[in-house]
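J.:
2 protein chains.
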Amino acid sequence: MAGRATIAQVAEEAGVSAMTVSNVINGKPGASEETRRRVMEVAARLGYRPNVSARNLKAGRSGLIGLIALDLTSQYGLEILRGVADELASAEQELLVNATYHDAVREKDRIEFLARGLVDGVLMIAPVLEDETVELLRRQKLPCVIIDPRRLDVPLPRLSVDNYHGMRQGTQHLIDLGHTRIAYLRGEEDLESTSIRFQGFEDAMRLAGLEVDERLVASCDFSYACGFRTTARLIDDHSPTAIVAGADLMALGAVDAARARGLNVPTDFSVVGFDDLPQAAQSFPGLTTVRQPLHDMGQKAARALLSLIEGQRLLMEHMEVGTELVVRNSTAPPPRDGAA
Amino acid sequence: MAGRATIAQVAEEAGVSAMTVSNVINGKPGASEETRRRVMEVAARLGYRPNVSARNLKAGRSGLIGLIALDLTSQYGLEILRGVADELASAEQELLVNATYHDAVREKDRIEFLARGLVDGVLMIAPVLEDETVELLRRQKLPCVIIDPRRLDVPLPRLSVDNYHGMRQGTQHLIDLGHTRIAYLRGEEDLESTSIRFQGFEDAMRLAGLEVDERLVASCDFSYACGFRTTARLIDDHSPTAIVAGADLMALGAVDAARARGLNVPTDFSVVGFDDLPQAAQSFPGLTTVRQPLHDMGQKAARALLSLIEGQRLLMEHMEVGTELVVRNSTAPPPRDGAA
DNA sequence: CTGTTAGCGCCTTCAT
DNA sequence: ATGAAGGCGCTAACAG
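Top line first, the protein sequences correspond to chains H and R. Read the first sequence against the numbering used here and you will find it ends at 340, with the numbers running on by one and no gaps. Read the second sequence against the numbering used here and you will find it ends at 680, with the numbers running on by one and no gaps.
1. Does the distance from the CB of residue 65/H to the CB of residue 121/H come in under 8 Å?
2. Residue 256/H CB to nearest chain R CB: under 8 Å?
3. Under 6 Å Cβ to Cβ from residue 511/R, same chain only, skipping five residues before and after it: list those, please.
4. Assuming residue 533/R is part of the alpha helix (DSSP H), what are its boundary residues?
5. Any idea what DSSP makes of residue 23/H, helix, strand or coil?
6. Are there 16 or more other CB atoms within 10 angstroms of the CB of residue 447/R, so buried, or fewer, so exposed?
7. On a CA-only basis, which of 47/H, 141/H and 89/H is nearest residue 311/H? Give me that one, please.
8. Which one of 162/H, 206/H, 227/H and 207/H has the shortest CA to CA distance from residue 196/H?
9. Is any beta-carbon of chain R found at less than 8 Å from that of residue 140/H?
10. Distance check for residue 175/H and residue 216/H, CA to CA, integer angstroms please.
11. Answer yes or no: does any C-beta atom of chain R fall closer than 8 Å to that of residue 312/H?
12. Can you pull the DSSP bridge partners for residue 273/H?
13. Any residues in the stretch 430-459 of chain R with a beta carbon nearer than 7 Å to a beta carbon of chain H? Which ones, in chain order?
14. In three-state terms, what does DSSP make of residue 477/R?
15. Looking at the secondary structure, which residues open and close the alpha helix (DSSP H) in which residue 98/H lies?
16. Whole angstroms are fine: how far does the CA of residue 410/R sit from the CA of residue 469/R?
17. For residue 124/H, write down the residues that DSSP places opposite it in a beta bridge.
18. Does the CB of residue 624/R have a neighbour CB from chain H at under 8 Å?
19. Quick check: the stretch 244-263 of chain H against the stretch 612-625 of chain R, are at least 3 beta-carbon pairs closer than 8 Å?
20. Take the Cβ of residue 102/H as the centre, count every other Cβ of all protein chains shown within 10 Å, and call the residue buried at 16 or more, exposed below.
21. Between the Cα of residue 80/H and the Cα atoms of 33/H, 277/H and 35/H, which residue gives the shortest distance?
22. Could you tell me which chain R residues have their CB closer than 9 Å to the CB of residue 53/H, listed as they occur along the chain?
23. Judging by CA-CA distance, which residue of 156/H, 148/H, 123/H and 152/H is the nearest neighbour of residue 138/H?
24. Would you say residue 224/H reaches chain R, if we count a Cβ-Cβ gap shorter than 8 Å as a contact?
25. Using DSSP with H/G/I as helix, E/B as strand and the rest coil, what is residue 260/H?
26. Starting from the beta carbon of residue 82/H, find every residue of chain R whose beta carbon is closer than 7 Å, and list them in chain order.
27. Rounded to whole angstroms, what is the Cα-Cα separation between residue 159/H and residue 190/H?
28. How would you write the range of the beta strand (DSSP E) that residue 324/H sits in, first residue to last?
29. In whole angstroms, what is the alpha-carbon distance linking residue 381/R and residue 361/R?
30. In chain H, what lies closer than 8 Å to residue 549/R by C-beta?
31. Only counting the same chain, and skipping five residues up and downstream in sequence, which positions put a Cβ closer than 6 Å to that of residue 178/H?
32. State the start and end residues of the unbroken beta strand (DSSP E) segment that holds residue 524/R.
33. What span of residues does the beta strand (DSSP E) with residue 500/R cover, start to end?
34. With residue 102/H as the anchor, note down where its beta strand (DSSP E) starts and where it stops.
35. Under DSSP, the beta strand (DSSP E) around residue 641/R begins and ends at which residues?
36. How about residue 507/R and residue 484/R: are their beta carbons less than 8 Å apart?
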């Protein structure tokens, strides 16, 4: 559609062969200064641009990386996306973005489509990844890296976060402040990380000699709305003095729920999140949370994918990155009377 | 790299010609049930997928649409992106995402790169778009549509929002509630929309017989942080009872600034935003704001681009969509004593 | 119903 | 230093 002119036209117009035009355009040696100049002049005049499909067909690669994200609206995926984009920028690879909207069928379709030679490799964020899809990826020998896998044992290269220690540290922070009645908001149950984070919470509690009260534990879908609703209920029914959420969005909902119940955060009620989304810093009070290095994760995964594409083998199939507690203003010692 | 099996291999293995395989795969008529079955069986066994590059080469298109966004983190652009992606999904076009990070040079580079035939068309969100770049797009006859142009008179197909009436309506809402000392947060000054929205604010005030106090008007960069800072200052110095912000992020900052000053929103201080980002609904109190139909805008722009690509002329070069006031809980009548 | 021919635009190989 | 031939994988258009 664009770049009408073809290499043949330029060749004709410049009075040389297509081959020479190709060499000149690609800066290959073997063309006199004179010819070079003439070809460039004609190419510019005709607005010639090499056709990408043709080039790809010939080269057997596309210069494209596919990213399969769950959702294009969650900051979580977008921070990763930024990291990926930053890394790819210096590698002359373009990014093809896809969202599955949490639909396994759509996910499979997209991967299948991308695997038709459209992309040189695929990056997936928390994909559902049915066995059949894994099989497809392996059969097609399509390089791929999974970021934040749902199950840690998928037989594909993957990058995950140290959820266990992250959550243990976040919980410990509340314990250190003196909290004992700590509620916990689990995330979606089909993510292995939800259980692992909870494990970190439990262990931190146990090691501090604290009881994990099951009535203070609830599950949510990672959303603000559910965090709000659930926390409001928890406060009404069981008066915890603090809550740990398996994701920042839920934590933000928890903060507002406490506020809606007339509690001051953090003096009456403390909240700890997980992720450190941009919104965690941009809220009032600033959210204390366990930081996942999302941008770094994107970069790291992209880098791994690029080496796979270049045919190198990865040092390790399963990469893991650490977390970091970011203390802001949503946490403080519990109120004196012990309950909210 | 991927898609090992080619049509020729399938043909050979199935004992038919490549043409027949093609027809079967594409569901074209003219193939006996028997042949069809055999071909399908072999194709499945070999894991055959038509190569996209080859197909596009043949078809004279790339199947790719480029999206030039300012930023991959702002919800504003992402809501539009979602609309675009949804529309493209049914058009067999993939989306190539690019961020310029507000850098005019980078923007030009990216457009130039895409214009090399990589994509069939380009969508741009609030691009800086120097004259030279416009010239390039025209010369290459690269179909493009601009969403939310910085200047309304760019000579390219574009889609903008009725900023004037939107802001007038948002302001009127506060006036109707009884506010008179209304502050205003302008957005970035190099967007024409910033002036147009302000115009709507001014006119609403004037028509209600209210003074626009210049000391209550300030400029910001669309960010939460600046909205917070500036509103805090405005409240300290001039005690308005309400504020209108040219964007939701600034409005969210304003809400938290008021809160930080000990004011209750909305009973002591009202806030009106502009955009209706997802966060506007997901905050406490819910933000009253002027809704831009971002998702629709993305769809509409994508649809326009697709018809341009198909060679159709657009009915109008400049499309405009309307806004809608969304009343939530950040606005209420001013406090009795008249000042904050 | 099925196969042959031809060519999309480019570039690798091998001559000249 | 330059060019001719051929093919990447696919599919119109036209045979048969």
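Backbone N, C-alpha and C fix where the C-beta goes; we use that ideal spot for every residue, glycine too.
T.: Taking the coordinates as given:
1. yes
2. The beta-carbon of residue 256/H is placed less than 8 Å from the nearest beta-carbon of chain R.
3. 541, 544 and 584
4. 532-547
5. helix
6. buried
7. Nearest option by C-alpha distance: 141/H.
8. 162/H
9. yes
10. Here the alpha carbons of residue 175/H and residue 216/H stand approximately 16 Å from one another.
11. no
12. Residue pairing by DSSP places residue 273/H opposite 289/H in a beta bridge.
13. Contact residues of the stretch 430-459 of chain R toward chain H are 434, 435, 436, 437, 439, 455, 456, 457 and 458 (C-beta to C-beta distance below 7 Å).
14. DSSP places residue 477/R in the helix class (H, G or I) of the three-state scheme.
15. It is not in any alpha helix (DSSP H) - residue 98/H instead sits in the beta strand (DSSP E) that spans 94-99.
16. 12 Å
17. 68/H and 146/H
18. Cβ-Cβ to chain H under 8 Å: yes for residue 624/R.
19. The stretch 612-625 of chain R vs the stretch 244-263 of chain H: in contact.
20. exposed
21. For the options 33/H, 277/H and 35/H, the alpha carbon positioned closest to that of residue 80/H is the one of 277/H.
22. 392, 393, 394, 395, 396, 397, 398, 399, 400, 401, 402, 403 and 457
23. 156/H
24. yes
25. helix
26. 412 and 413
27. Going from the Cα of residue 159/H to the Cα of residue 190/H covers about 18 Å.
28. 324-326
29. Answer to the nearest angstrom: the Cα atoms are 11 Å apart.
30. Per Cβ cutoff of 8 Å: no residues; residue 549/R is ~35 Å from chain H at best.
31. 333 and 334
32. Element bounds for residue 524/R: 522-526.
33. 498-501
34. Careful: residue 102/H lies outside any beta strand (DSSP E) and carries neither H nor E.
35. First-last for residue 641/R: 634-649, but that is the alpha helix (DSSP H), not the beta strand (DSSP E).
36. no
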